[in-house]
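Chemist: Numbering (the numbering used here), first residue to last: 1426 to 2174.
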């Protein structure tokens, strides 16, 4: 019978038991020899852990691709932003300073090149030191074992449960770690293990891998690290929080000098070199993390966020949302986008110049290229961020809900009217069609729908034009220029709502929540349904493209960490209307800018067309317009739909009433002017629209003053009376979206 140790309850001490256990394991050829446990805690760890059968552990270590930075570029290759879940740039061993390689080996595993996966001498040394100190003064894990542990942590990602399992102090985990360490040593080789370790390990301050660490602390690449810089980084690894040089320079310097001395002892540097390096200051030149869309150049943060959502929502990049998220978070991608830097800079500066971030209302605009669907620019008055006290916003008002925007979208007012006109023209309605269009009238008693069941005006709902002088008869050209509500209601009464539904379907027009536009007269004529600026810009681009609609796209190409190109979905283009119809709409909407409600927004020196829109209580104002080579839509209003834009100051300018032409119009004009500066000025294929009433004196709107319209003519007069609309006509929940019963929403001017 063995002797018992006197005192302390008898039996062998925990340290003796651990030593015996580990010693026997080594001699027996078992793989537990690499375990370096606290002397006092060995038994507890053994009790909590379970040793999985060695042979039952899979033979091959699954090494996931290391998470890295993803770089998002504009269409010229300029960097927009860098995004990552872990800031890491993988580099080859040749691109890592030799001093850094020597420093990490000296302090973490000085016998690295002499032992295999397990360092028996190191284990015995650590056990002895730990037993004498009653704690953990030394570890015995080799660099290979540490690398394997980091692989487990990388695979766990940000999942707290998996991360706890990857780092738990159990014998079962150590056994698994050791088996894989043996495999790695046999298959990979020392240099590759060292390279992998330096790329995977955490150096604090959000820096993973030595390249990110070198950039974070010294603003230089890893290949340029000198002796003392290498020693400091190597010293951080043991405890990134304790030895963080940013928060505790003195402790970091003390640790650095320990590493330098160890390098001298292992003959990696001379004692003189170590002594000289110890005298130097830490010499930090910190580069703060530049992560996420919030760091995007030229106000492109919201576009950057749109790109991220475009990736995460598209099955082309992974069958499930989880799979796509994993690929995105793993990073290492180079994403070249459609963003045009000239257009983006013009959009961003125009939006912010005309609407301040401190204003009671917001502004957003999206601009796309006709014929390709490429999103060239996207801007918003409030900066991207989550700090409301700084007037920041995370919601992207330019896009639909699934892409990070509003669930409701924003009522569009009269910018919806061109869709009605296009549907009517496609159905055979004459471009010179005339309606009585009185100042006020009831909705038609019955309007046909796609279902065959007509909408019925069972409440006697009425509507009116903006100005009492707006009394018909009118033909389409004048009705479009002046945005005559009663004209378009009579038109939809004639053709029914189904042709409009089919037209909007072909133009990709959906509500902010992705659902189809409500099939009710107020939505189809007054624009009471909420849409996004990108939806409107893309739909109007079909007019510019002579009737062919192209789905919006933001990504041109993606390459993975190995430089392999991923398949990227392209824009899908399809004919929404005949070229003849599109040419007529282009001619009609050119008239809106030439002499109608959008005159204040017009461009000089190039063909352009567009439409204004405002909604009930002036809670939304729009301008949507285009040239043959650029289409854009701008919205101004309150995201919560609770700010009537009357007696209000926006962008330093006072408005007694906001019009589509005097607020969003100038934003569109300045953005388009900057975006198209120095670029081609193609022309529309305009058609001749006869004016049968040209010789007739209608006795209205004579003189030099601009003809009144929904947006105040040229914007420098205010001929419009207060608007009075029956409450039961507006209906809805007060946000301009209507109640879905066919008589809600805005007055559409």
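Cβ atoms here follow ideal geometry from the backbone N, Cα and C, with glycine treated the same way.
Where in the segment 1637 to 1675 do unbroken runs of the beta strand (DSSP E), each at least 3 residues long, occur, reported from the N-terminal end onward?
Modeler: Runs found: none.
Chemist: Could you spell out where the alpha helix (DSSP H) holding residue 2000 opens and where it closes?
Modeler: Where residue 2000 is concerned, there is no enclosing alpha helix (DSSP H), although the beta strand (DSSP E) it sits in stretches over 1998 to 2000.
Chemist: By the three-class DSSP mapping on this structure, what secondary structure does residue 1505 have?
Modeler: Residue state, collapsed to three classes: strand.
Chemist: Need the endpoints of the alpha helix (DSSP H) that residue 1923 sits in, please.
Modeler: Per DSSP, residue 1923 belongs to the alpha helix (DSSP H) from 1923 to 1931.
Chemist: Under three-state DSSP, which class holds residue 1410?
Modeler: Outside the shown range of the chain (1426 to 2174) lies residue 1410, about which nothing can therefore be said.
Chemist: One question on the structure: do residue 1525 and residue 1709 come within less than 8 angstroms of each other, judged by their Cβ atoms?
Modeler: In this structure, residue 1709 does not lie closer than 8 angstroms to residue 1525 by Cβ.
Chemist: Would you tell me roughly how many angstroms separate the C-alpha atoms of residue 1410 and residue 1511, rounded to the nearest one?
Modeler: Not covered by the structure: residue 1410. The range shown for the chain is 1426 to 2174.
Chemist: Among 1696, 1654, 2023, whose alpha-carbon lies nearest the alpha-carbon of residue 1681?
Modeler: Minimum Cα distance to residue 1681 is reached at 1654.
Chemist: Short check: CB of residue 2095 to CB of residue 1766, under 8 angstroms?
Modeler: It is not a contact, given that the beta carbons lie outside the stated cut-off.
Chemist: Out of 1831, 1755, 1764, 1999, which one is the CA nearest neighbour of residue 1789?
Modeler: Out of 1831, 1755, 1764, 1999, 1831 has the C-alpha closest to the C-alpha of residue 1789.
Chemist: Quick one: grab the DSSP three-state call for residue 1872.
Modeler: If DSSP states are grouped into helix, strand and coil, residue 1872 belongs with the strands.
Chemist: If you draw a straight line from the C-alpha of residue 2008 to the C-alpha of residue 1728, how long is it?
Modeler: Roughly 31 angstroms separates the two Cα atoms.
Chemist: Please determine, among 2025, 1948, 1771, the residue with the shortest C-alpha to C-alpha distance to residue 2102.
Modeler: It is 1771 whose Cα lies nearest to the Cα of residue 2102.
Chemist: Measure the beta-carbon distance from residue 2046 to residue 2083 and round it to whole angstroms, keeping in mind my assumption that it falls under 8 angstroms.
Modeler: Yes, residue 2046 and residue 2083 are in contact; Cβ-Cβ is about 5 angstroms, under 8 angstroms.
Chemist: Is it the case that the Cβ atoms of residue 1996 and residue 1802 are separated by a distance below 8 angstroms?
Modeler: Result no, Cβ atoms of residue 1996 and residue 1802 do not sit closer than 8 angstroms.
Chemist: Suppose the cutoff is 6 angstroms on Cβ atoms and the five residues either side in sequence are ignored; what does the same chain contact list for residue 1474 look like?
Modeler: Because residue 1474 sits at a pLDDT of 43, beneath the cut-off of 50, its placement in the model cannot be relied upon, and the following sentence gives the value as read from the coordinates. Around residue 1474: 1595, 1596, 1597.
Chemist: Comparing alpha-carbon positions, which option in 1506, 1606, 1734 lies nearest residue 1718?
Modeler: Considering only alpha carbons, the answer is 1506.
Chemist: Below 8 angstroms on the Cβ atoms is my contact criterion, and I expect residue 1543 with residue 1603 to pass it. Report the Cβ-Cβ distance as a whole number of Å.
Modeler: Between residue 1603 and residue 1543 the Cβ distance is about 7 angstroms, and since that is below 8 angstroms, they are a contact.
Chemist: Taking only three categories from DSSP, how would you classify residue 1712?
Modeler: Three-state result, residue 1712: coil.
Chemist: Report the CB separation of residue 2023 from residue 2037 in whole angstroms; it is logged as a contact under 8 angstroms.
Modeler: Correct: roughly 5 angstroms between the Cβ atoms.
Chemist: If you check the beta carbons only, do residue 2033 and residue 2050 fall under 8 angstroms apart?
Modeler: Yes, the pair counts as a contact, with Cβ atoms nearer than the cut-off.
Chemist: Tell me the rounded alpha-carbon separation between residue 1837 and residue 1956.
Modeler: Computed Cα separation, rounded: 7 angstroms.
Chemist: Ignoring anything shorter than 3 residues or poking outside the segment 2039 to 2099, list the beta strand (DSSP E) runs there in chain order.
Modeler: Correct list: 2045 to 2052, 2055 to 2062, 2071 to 2075, 2078 to 2082.
Chemist: Rounded to whole angstroms, what is the Cα-Cα separation between residue 2115 and residue 2035?
Modeler: Whole-angstrom Cα-Cα distance: 21 angstroms.
Chemist: If you pair each beta-carbon of the segment 1862 to 1875 with each one of the segment 1983 to 2001, do three or more pairs fall below 8 angstroms?
Modeler: They do not touch, by the three-pair rule.
Chemist: Would you report the Cα separation of residue 1664 and residue 1811, rounded to the nearest angstrom?
Modeler: Distance between the alpha carbons of residue 1664 and residue 1811: 32 angstroms.
Chemist: On the DSSP letters alone, give me the boundaries of the beta strand (DSSP E) that residue 1579 sits inside.
Modeler: From DSSP, residue 1579 is part of no beta strand (DSSP E) but of the alpha helix (DSSP H) over 1568 to 1581.
Chemist: Closer than 8 angstroms by C-beta to residue 1615: which residues in its own chain qualify, once you throw out the five before and the five after it? Chain order, please.
Modeler: Excluding positions up to five away in sequence, the list reads 1537, 1538.
Chemist: In whole angstroms, give me the CA-to-CA distance for residue 1817 and residue 1733.
Modeler: Distance between the alpha carbons of residue 1817 and residue 1733: 19 angstroms.
Chemist: For residue 1790, report the span of its beta strand (DSSP E) as first-last.
Modeler: Run containing residue 1790: 1787 to 1793, per the beta strand (DSSP E) assignment.
Chemist: Tell me whether residue 1803 sits in a helix, a strand or coil according to DSSP, three-state version.
Modeler: Note: residue 1803 maps to strand in three-state DSSP.
Chemist: So, does the segment 1899 to 1908 touch the segment 1919 to 1934, judging by three or more C-beta pairs under 8 angstroms?
Modeler: Segments in contact, no.
Chemist: Report the three-state DSSP secondary structure of residue 1981 (helix, strand or coil).
Modeler: Correct three-state label for residue 1981: strand.
Chemist: For the segment 1736 to 1778, list the alpha helix (DSSP H) runs that are entirely contained and at least 4 residues long, ordered along the chain.
Modeler: Within the segment 1736 to 1778, the complete alpha helix (DSSP H) runs of at least 4 residues are 1746 to 1755.
Chemist: Would you check if the segment 2066 to 2073 and the segment 1970 to 1979 touch, i.e. whether three or more CB-CB distances between them fall below 8 angstroms?
Modeler: No: the two stretches stay apart, fewer than three of their Cβ pairs being nearer than 8 angstroms.
Chemist: Hey, could you find the ends of the alpha helix (DSSP H) residue 1525 is sitting in?
Modeler: Looking at the DSSP string, the run of the alpha helix (DSSP H) that includes residue 1525 is 1523 to 1533.
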